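Chemist:
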Amino acid sequence: MLDLQIRGLDILTSIQADIKNAQSDREHQAIIRWLSNSIPDPSQEHNAAIEKHVEGTGAWLILSQEAKTWAATGNSFIWFNGGSGSGKTILCSTLIESLKTRCRLRRQSATAVVYWYFSFANKQTQNVSNFLRSIVRDLCSKVLIVSKVVHDLWSDLNNGQQLPSKGNLLEMIRVLAKSFDSVYLVIDGVDEFPRSNRRELLDAIQRLASNEFPSLHIFVASRPEGDLREAFEEISETSAYYSNVTARASHFKEDINKYLDARMQSRSCNKWQAEEKSKITTGLATQADGMFRLVALQMDKLNTLLSRSKRREAMTTLPKSLNHCYDRLIEDIDESNHDMVQKALTWLLFSARPLTLAELAEAIMVKSTEPYFDAAQRFDDENCILTIIPAGFVRLVFDDMHSKELAQITRRGDANGKSFHSSPTVQLAHQSVKDYLLSSPVSGQRFIIEQTSAHNLMR
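In terms of our numbering, the sequence shown opens at residue 40 and continues consecutively.
#1: By Cβ distance, which residues of its chain are closer than 7 Å to Arg451, with the 5 residues on each side in sequence left out?
#2: In chain order, what residues of the same chain have a beta carbon less than 6 Å from the beta carbon of Gly322, not counting five sequence neighbours either side?
#3: Would you call Ile428 buried or exposed, if buried means 16 or more other Cβ atoms sit within 10 Å of its Cβ?
#4: Can you name, in chain order, every residue of its own chain whose Cβ lies under 6 Å from the Cβ of Asp227, other than the five neighbours on each side?
#5: Just to confirm the assignment: which complete beta strand (DSSP E) runs, minimum length 3, are found wholly within the segment 340-408?
#6: Would you list the one or two residues that DSSP bridges to Leu74?
#7: Apart from the five residues just before and just after Lys443, which ones in its own chain have a Cβ nearer than 7 Å to its Cβ?
#8: Can you tell me which of the three DSSP states His85 falls into?
#9: Tell me the residue span of the beta strand (DSSP E) that contains Asn236.
#10: Output the distance between the C-alpha atoms of Gly36 and Gly265, rounded to the nearest integer angstrom.
#11: Give a yes or no on whether the minimum CB-CB distance between Glu370 and chain C is below 8 Å.
#12: Taking the DSSP output, what are the residues bridged to Asp227?
#13: Determine the direct distance from the alpha carbon of Lys340 to that of Ser346, and round the result to whole angstroms.
#14: In whole angstroms, give me the CA-to-CA distance for Ser385 and Pro233.
#15: With C-beta atoms as the reference, is Phe432 less than 8 Å away from Ala468?
#16: Just mark Thr96 as buried or exposed, buried being the case when its beta carbon has 16 or more other beta carbons within 10 Å.
#17: According to DSSP, is Thr325 part of a helix, a strand, or is it coil?
#18: So Ser115 is in the beta strand (DSSP E); what residue range does that whole segment cover?
#19: Considering only residues of the same chain and omitting the five flanking positions on each side of Val21, which have a CB-CB separation below 6 Å?
#20: For Val189, does the count of other Cβ atoms within 10 angstroms reach 16, so buried, or fall short, so exposed?
#21: Rounded to whole angstroms, what's the CA-CA distance from Ala216 to Ala402? Just pull it up for me.
#22: With burial defined as no fewer than 16 other Cβ atoms inside 10 Å of the residue's Cβ, what is the status of Asp230: buried or exposed?
#23: Using 8 Å as the threshold, is the C-beta distance between Ala248 and Phe116 below it?
#24: Throw me the rounded Cβ distance for the Cys364 and Leu333 pair, which I believe falls under 8 Å.
#25: What is the DSSP secondary structure of Leu183, reduced to helix, strand or coil?
#26: Count the CB pairs spanning the segment 144-163 and the segment 275-290 that are closer than 8 Å, and state whether there are at least three.
#27: By DSSP's criteria, Leu435 is part of a beta bridge. Which residues make up the other side?
#28: Tell me whether Ile129, by its Cβ, gets closer than 7 Å to a heavy atom of the ligand NAP.
#29: Counting Cβ pairs, one atom from each stretch, are 3 or more of them under 8 Å apart for the segment 238-255 and the segment 82-90?
#30: Report yes if the CB atom of Pro81 is closer than 8 Å to the CB atom of Ser173, and no otherwise.
#31: DSSP three-state label for Ser249, please.
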């Protein structure tokens with residue numbers, strides 16, 4: 040009888056333990072959903088960058104002594120800085136993949152790779168709270184049991200009904216990082232964070248780089264702007280290891296040659312003769328000055344030319360800088376499409392959130408005077424807009440995961456039942472495009488884009 044009672048007690052204890060574990064797991068998942076709510080997924084930018092990566096490029100950085108020391112030293116910091124168009128984002132994505140491989144091979148140690156891409160084209164990425172929440176979310180996803188500090192904060196904030204403060208988030212990162220031997224944090228595009236409140240971001244990065252976070256290895260990529268240099272030099276005084284790595288043309292020489300070799304092997308160049316490919320590769324690589332984007336735009340132009348003689352002639356007149364490339368793109372716009380292209384670029388510059396291709400196609404049909412909208416002027420197909428905007432100015436991002444605000448719009452559609460759900464997001468292709476369009480003059484004043492008139496257009 041006593042034996043039956045003991046066995047019954049053991050079964051009851053086991054059931055209670057299972058219930059407690061199930062509840063703990065549900066709360067773990069609820070905490071991750073709480074942290075993920077309405078923040079952009081950094082893997083979207085990461086995957087887009089990885090798709091552009093050419094095998095073998097970026098090895099000069101990954102195999103450098105600076106990167107090796109950084110990876111092996113806790114409380115370490117690298118500031119990788121380079122000019123516009125030098126391929127920093129793709130290099131960050133390559134480093135991230137290399138670190139993932141490193142972590143998989145080091146199974147005996149607890150390691151994590153987390154990252155964030157700040158993007159001028161997506162205001163949701165330009166948010167310190169979103170940045171920190173993403174780090175906490177990723178670290179929570181990699182631990183079996185959420186720490187008491189994280190659970191208590193979630194509980195104190197009405198079981199996730201309220202958002203954590205930046206102080207809360209930094210404390211959660213501090214506690215979670217203790218569960219790991221190494222946490223590799225890669226941050227791209229800090230210079231794409233608005234200057235007006237960049238100090239808030241720099242304060243957060245400086246805090247993460249302090250000795251409160253001994254397991255963190257931080258890699259930051261940006262253009263070499265003065266306020267960033269000043270902030271990161273302060274980090275150099277307290278970090279266990281600090282390195283300022285400046286991208287130079289000599290670093291990228293071999294990578295650009297590999298990139299051009301890959302382009303020459305693509306279908307668009309399969310009718311070019313070997314001698315021509317060799318001459319074009321040598322010519323473009325020689326004048327690239329470390330700018331991947333310049334070489335990419337030049338190759339895009341050559342791919343539109345259908346004879347060897349035209350390509351030979353073009354090689355003597357190709358633009359030698361990004362701004363000159365953009366001048367050519369503006370000049371090539373058909374005069375009859377000029378106003379629509381200017382409207383489209385204005386929307387892409389100043390829209391409060393990323394627009395789908397369908398939304399952009401509708402938006403440029405809106406006028407500032409009556410009649411404000413004429414349905415007969417709609418494009419036959421939303422993709423028609425891509426035939427009038429220079430390809431070098433925009434990129435498409437294919438992702439069905441939209442913000443709640445966008446999801447509500449896609450469910451509603453428009454008055455005619457048209458749905459925007461499957462339409463990709465359209466963005467300016469690069470920070471240098473934004474800088475160019477906001478500069479003055481733009482291609483002999485053909486385009487004049489002012490923020491005041493843009494806001495009047497969007498009211």
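Even for Gly, the Cβ is constructed at its ideal location relative to N, Cα and C.
All values derive from a computational prediction rather than experimental measurement.
Modeler: Put simply:
#1: In this prediction, Arg451 scores a pLDDT of 35, lower than 50, which makes its location untrustworthy; no coordinate-derived value is stated.
#2: The beta carbon of Gly322 is closer than 6 Å to those of Met354 in its chain, skipping five residues each way along the sequence.
#3: Answer is buried; the Cβ neighbour count reaches 16.
#4: Thr128, Cys131, Tyr156, Ala260, listed in sequence order.
#5: Taking only runs of at least 3 residues, no beta strand (DSSP E) segment lies wholly in the segment 340-408.
#6: Paired residue(s): none; Leu74 is not in a bridge.
#7: In this prediction, Lys443 has a pLDDT of 37, which is less than 50 and means its spatial position is unreliable; what the coordinates show is noted afterwards. Closer than 7 Å at the Cβ level, and outside the excluded window around Lys443, lie Ser77.
#8: Three-state result, His85: helix.
#9: Asn236 -> no beta strand (DSSP E), and no H or E assigned at all.
#10: Because the chain is modelled from 40 through 498, residue 36 falls outside the range shown and cannot be assessed.
#11: Of the protein chains in this structure there is only one, and it is not chain C.
#12: In DSSP, Asp227 forms a bridge with Tyr156, Ala260.
#13: One C-alpha to the other measures close to 13 Å.
#14: It is worth fixing the name first, because residue 385 is Thr in this sequence and not Ser. When the Cα atoms are used, Thr385 and Pro233 turn out to be separated by approximately 18 Å.
#15: The answer is yes: Cβ separation under 8 Å.
#16: Classification of Thr96: buried, given that the 10 Å Cβ count is 16 or more.
#17: Of the three classes helix, strand and coil, the one that applies to Thr325 here is helix, per DSSP.
#18: For Ser115, the uninterrupted beta strand (DSSP E) run begins and ends at 115-120, by DSSP.
#19: Past the boundaries of the shown model lies residue 21; the chain is included only from 40 to 498, so the question cannot be answered.
#20: Residue environment analysis places Val189 among the buried positions, since at least 16 neighbouring C-beta atoms fall within 10 angstroms of its C-beta.
#21: In this structure, the alpha-carbon of Ala216 lies about 45 Å from that of Ala402.
#22: So Asp230 counts as buried.
#23: Yes, the pair counts as a contact, with Cβ atoms nearer than the cut-off.
#24: With a contact defined as Cβ atoms closer than 8 Å, Cys364 and Leu333 qualify at about 7 Å.
#25: Here Leu183 sits in coil by DSSP.
#26: By the Cβ criterion, the segment 144-163 is not in contact with the segment 275-290, since fewer than three pairs of Cβ atoms, one from each stretch, lie closer than 8 Å.
#27: As a beta-bridge residue in DSSP terms, Leu435 pairs with Val465.
#28: Of the ligands one can find in the structure shown there are none, so the ligand NAP has no counterpart to examine.
#29: Judged by pairs of C-beta atoms under 8 Å, the segment 238-255 does not touch the segment 82-90, as fewer than three such pairs exist.
#30: Yes; because the gap between Cβ atoms is below 8 Å, this pair is in contact.
#31: DSSP places Ser249 in the coil class of the three-state scheme, outside both helix and strand.
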